[in-house]
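Line by line, the protein sequences are chains A and B. In my numbering, each residue's number is its place in the first sequence (first place is 1) plus 1010. In my numbering, each residue's number is its place in the second sequence (first place is 1) plus 1010. Backbone N, C-alpha and C fix where the C-beta goes; we use that ideal spot for every residue, glycine too. Source: prediction; values computed, not measured.
There are 2 protein chains.
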Amino acid sequence: MKKVIFFGQKGSYSEKAMFEAQKICDFLDYEIESSSYIDEIIQEVGNSPDSVGILPVENSIEGIVRETVDKLIQADNSVKIFQEIVLPISHCLINKTGKIEDVKVVLSHPQALAQCSGYIKNLGNKYGYIVKKQTSVSTSEAVRLLDNYDDSYAAIANSEAANIYNKKIVDIGINDEADNKTRFICIGKKTTQKTGNDKTSFAFTTQNKSGALLDVLDILRQNKINMSHIDSRPSKKVLGEYIFCVDIDGHIDDICIKSSLEEIKKRVNYYRFFGSYSIKDIAG
Amino acid sequence: MKKVIFFGQKGSYSEKAMFEAQKICDFLDYEIESSSYIDEIIQEVGNSPDSVGILPVENSIEGIVRETVDKLIQADNSVKIFQEIVLPISHCLINKTGKIEDVKVVLSHPQALAQCSGYIKNLGNKYGYIVKKQTSVSTSEAVRLLDNYDDSYAAIANSEAANIYNKKIVDIGINDEADNKTRFICIGKKTTQKTGNDKTSFAFTTQNKSGALLDVLDILRQNKINMSHIDSRPSKKVLGEYIFCVDIDGHIDDICIKSSLEEIKKRVNYYRFFGSYSIKDIAG
Chain A
1011 MKKVIFFGQK
1021 GSYSEKAMFE
1031 AQKICDFLDY
1041 EIESSSYIDE
1051 IIQEVGNSPD
1061 SVGILPVENS
1071 IEGIVRETVD
1081 KLIQADNSVK
1091 IFQEIVLPIS
1101 HCLINKTGKI
1111 EDVKVVLSHP
1121 QALAQCSGYI
1131 KNLGNKYGYI
1141 VKKQTSVSTS
1151 EAVRLLDNYD
1161 DSYAAIANSE
1171 AANIYNKKIV
1181 DIGINDEADN
1191 KTRFICIGKK
1201 TTQKTGNDKT
1211 SFAFTTQNKS
1221 GALLDVLDIL
1231 RQNKINMSHI
1241 DSRPSKKVLG
1251 EYIFCVDIDG
1261 HIDDICIKSS
1271 LEEIKKRVNY
1281 YRFFGSYSIK
1291 DIAG
Chain B
1011 MKKVIFFGQK
1021 GSYSEKAMFE
1031 AQKICDFLDY
1041 EIESSSYIDE
1051 IIQEVGNSPD
1061 SVGILPVENS
1071 IEGIVRETVD
1081 KLIQADNSVK
1091 IFQEIVLPIS
1101 HCLINKTGKI
1111 EDVKVVLSHP
1121 QALAQCSGYI
1131 KNLGNKYGYI
1141 VKKQTSVSTS
1151 EAVRLLDNYD
1161 DSYAAIANSE
1171 AANIYNKKIV
1181 DIGINDEADN
1191 KTRFICIGKK
1201 TTQKTGNDKT
1211 SFAFTTQNKS
1221 GALLDVLDIL
1231 RQNKINMSHI
1241 DSRPSKKVLG
1251 EYIFCVDIDG
1261 HIDDICIKSS
1271 LEEIKKRVNY
1281 YRFFGSYSIK
1291 DIAG
């Protein structure tokens, strides 16, 4: 059974990203599922020849979604990124009563809580109390969970989630920075064609000696390849040992990219190719 | 009034780091304060000629403490790092009853919750329920807050915090990865002397053109300077625009470091020098 599994519940931002991806990728007839666990989605995609997953990977305010990156590093090498979708993010405060003065606890995914932390800090000031934060596995799950709590609980999610779970929107556009976007990735075992607007992602660890990372990056520089992003994740073994995650412009089918990555592979201790894929940006 | 302000409450890991720093830095006679807000500590240090702050900056499992890095970037340029302390981290599960079967909600700082997420996921399995996670501003604050909740709440913190707040230790060494360390920084307006075991940290943004980052890093490579860490934080303005945070081996009083950083300054849009400082690693 061919499946597409998006992160969160019905009404999540990842579901929105999936709808966008369906317009350009060939999985319109796939069975749709959702999961609140990033690691489960990546594992299921790894165990199936055809299934695809839709996951958030980076937010313009908070940075990379660490769990997505860390689990992708640990996943089977056959799991690759085949499409990127960029969505605008506009968070709403949602509860059961529609009254802002009822809100004493705010429930959401840690990234959404972080993106609205200034708003939450100010929320109780007017009424003389401190509003608490409680984490949920996704933004949509936070809205769904409101039924389990009393009227002092509110959720942060998008407006669709309020409609789906019959809750009230108390406030809109509550993210601390107005220009809030999230990158989502589509993962699976599909191969991609060069489109001319592509990006290639890979990860590596260098030998633990002076200048090793700079020597690797110099291969890109010498071949005039643009590195659009570099991030480091802890090896989780030794403090100060990192896995570097790099995005470059271009597709693995470009001869220059292919040969540069072959050269890099020879110089590193660990190498993981995440894929070459095109970008659909609907955040403008 | 000369003050040292550590992050969290009495019994926090940052207080431990402060005790270590007091042995080597000259602030033994300073008045001791604590604060649960990283931004407040950085601001207070910025507003005072003498005060110093002690903050967590990176954990070996979860990576950098984003709030510390982001607020340090925004802080007054006069606020610098003058010492680094590395501590081993061993988390305990702490509650009021001492009975593990009472635990239905676990309260702690988001980084501690993340470092024990596998443990928490398994915690309720034996008794057939899902243990919830709730965030607190620090690990020590989580223990202090237990008095406000019923017996279903537990905190994750170090064993000292359990003693200070008269709570029971239910389980020890609960972090998912045994080799868990955290780097703490001492910030203030002190100048530092070269010790021979120093590190220099700075941040910058490059011009938004192909190869700009690699051109900057090449200055380090050409001068045989070792880059021990690079991380990127979102500019928070445009998705895909980053502030790069770099650690290099050596002290700003080394001629080679000084001239390389002068060269880098000329090539970047934004430059922030965080300081040159020595490292005390008591994690072994």
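C-beta neighbour in chain A for residue i, strict 8 Å
i, result
"B/M1237", "yes"
"B/T1145", "yes"
"B/E1050", "no"
"B/R1277", "no"
"B/S1270", "no"
"B/S1242", "yes"
"B/Y1175", "no"
"B/D1228", "yes"
"B/R1076", "yes"
"B/G1128", "no"
"B/L1103", "no"
"B/L1224", "yes"
From the options, residue whose alpha carbon lies closest to that of residue i
i, options, result
"A/S1238", "B/K1143, B/H1239, B/N1236 and B/F1254", "B/F1254"
"B/G1250", "A/G1198, A/S1269 and A/D1291", "A/D1291"
"B/Y1040", "B/M1011, B/I1048, B/G1021 and B/T1145", "B/M1011"
"A/F1029", "A/I1091, A/N1057 and A/I1095", "A/I1095"
"B/V1075", "B/G1134, B/T1192, B/I1235 and B/Y1163", "B/T1192"
"A/K1142", "B/E1068, B/S1269 and B/S1118", "B/S1118"
"B/P1059", "B/P1244, B/V1014 and B/G1183", "B/V1014"
"A/K1136", "A/V1147, A/Y1023, A/D1160 and A/I1110", "A/I1110"
"A/L1049", "A/I1042, A/I1034 and A/F1016", "The identity of residue 1049 of chain A in the sequence shown is Asp, whereas the question assumes Leu. Of the candidates A/I1042, A/I1034 and A/F1016, the one whose C-alpha sits nearest the C-alpha of A/D1049 is A/F1016."
"B/E1025", "B/D1257, B/A1167, B/N1190 and B/N1236", "B/A1167"
"A/I1081", "A/N1236, A/G1056 and A/L1097", "Note on identity: in this sequence residue 1081 of chain A is Lys, with Ile being the wrong assignment. Closest option to A/K1081, Cα to Cα, is A/G1056."
"A/I1235", "A/S1146, A/D1257 and A/S1169", "A/D1257"
"A/I1180", "A/N1190, A/D1161 and A/I1091", "For clarity, residue 1180 of chain A is Val in the given sequence; the question names Ile instead. That would be A/D1161, whose Cα lies nearest to the Cα of A/V1180."
"B/L1038", "B/V1248, B/S1061, B/V1089 and B/I1240", "B/S1061"
"B/V1089", "B/I1240, B/V1067, B/E1054 and B/I1174", "B/E1054"
"A/F1284", "A/I1091, A/A1164 and A/N1190", "A/I1091"
Residue-chain proximity (residue i, chain B), Cβ-Cβ < 8 Å
i, result
"A/Q1019", "no"
"A/G1073", "yes"
"A/K1234", "yes"
"A/G1221", "yes"
"A/S1044", "no"
"A/K1033", "no"
"A/P1066", "no"
"A/E1170", "no"
"A/R1193", "yes"
"A/S1070", "yes"
"A/K1247", "yes"
"A/D1189", "yes"
Same chain, Cβ closer than 8 Å to residue i, five either side skipped, listed in chain order
i, result
"A/N1185", "I1071, I1099, S1100, H1101, Q1125, C1126 and Y1129"
"A/K1178", "I1104, N1105, K1106, T1107, G1108 and A1172"
"A/N1279", "F1214, T1215, T1216 and Q1217"
"B/H1261", "T1202, K1204, T1205, D1208, T1210, I1267 and S1286"
"A/Y1252", "T1215, S1242, R1243, P1244 and S1245"
"B/S1270", "I1229, L1230, N1233 and I1235"
Bridge-paired residues (DSSP) for residue i
i, result
"B/V1147", "The partner list for B/V1147 (beta bridge, DSSP) is empty, contrary to what the question assumes."
"A/N1069", "A/G1073 and A/T1192"
"A/E1120", "The amino acid occupying residue 1120 of chain A in the given sequence is Pro; Glu does not appear at that position. According to DSSP, which records beta bridges pairwise, A/P1120 is partnered with nothing at all."
"B/A1165", "B/I1104 and B/L1117"
"A/T1202", "A/T1202 pairs with nothing; no bridge assigned."
"A/S1045", "A/F1017"
"B/I1265", "DSSP, once it has assigned bridges, lists no residue as partnering B/I1265."
"A/Q1093", "A/C1196 and A/S1288"
Own chain partners of residue i with C-beta closer than 6 Å, once the 5 adjacent residues on each side are dropped
i, result
"B/A1171", "G1021, S1150 and V1153"
"B/I1140", "G1134"
"B/L1123", "K1143"
"B/Q1093", "A1031, C1035, C1196 and Y1287"
"B/I955", "With chain B covering 1011 to 1294 only, the question about residue 955 of chain B has no answer from this structure."
"B/E1273", "I1229"
"B/V1147", "S1046"
7 Å CB neighbourhood of residue i in its chain, flanking five on each side removed
i, result
"A/Q1121", "N1069, E1072 and V1075"
"A/K1275", "Y1281"
"A/R992", "Missing from the structure shown is residue 992 of chain A; chain A here goes from 1011 to 1294 and no further."
"A/I1051", "I1015, F1017, S1045, G1063 and L1065"
"B/A1293", "V1096, L1097, P1098 and K1191"
Meets three-Cβ-pair contact criterion under 8 Å: the stretch 1217 to 1228 of chain A and the stretch 1218 to 1235 of chain B: A contact between stretches requires three or more CB pairs, one per stretch, nearer than 8 Å, and the stretch 1217 to 1228 of chain A meets this requirement with the stretch 1218 to 1235 of chain B.
Between the stretch 1200 to 1209 of chain A and the stretch 1145 to 1157 of chain A, do three or more beta carbon pairs fall short of 8 Å? With the cut-off at 8 Å, the stretch 1200 to 1209 of chain A and the stretch 1145 to 1157 of chain A do not touch.
Count the C-beta pairs between the stretch 1100 to 1119 of chain B and the stretch 1210 to 1220 of chain B that are closer than 8 Å, then say yes if the count reaches three, no if not. Too few Cβ pairs lie closer than 8 Å, so no.
Would you say the stretch 1083 to 1095 of chain A touches the stretch 1188 to 1197 of chain A, given that touching needs at least three Cβ pairs under 8 Å? Touching, yes.
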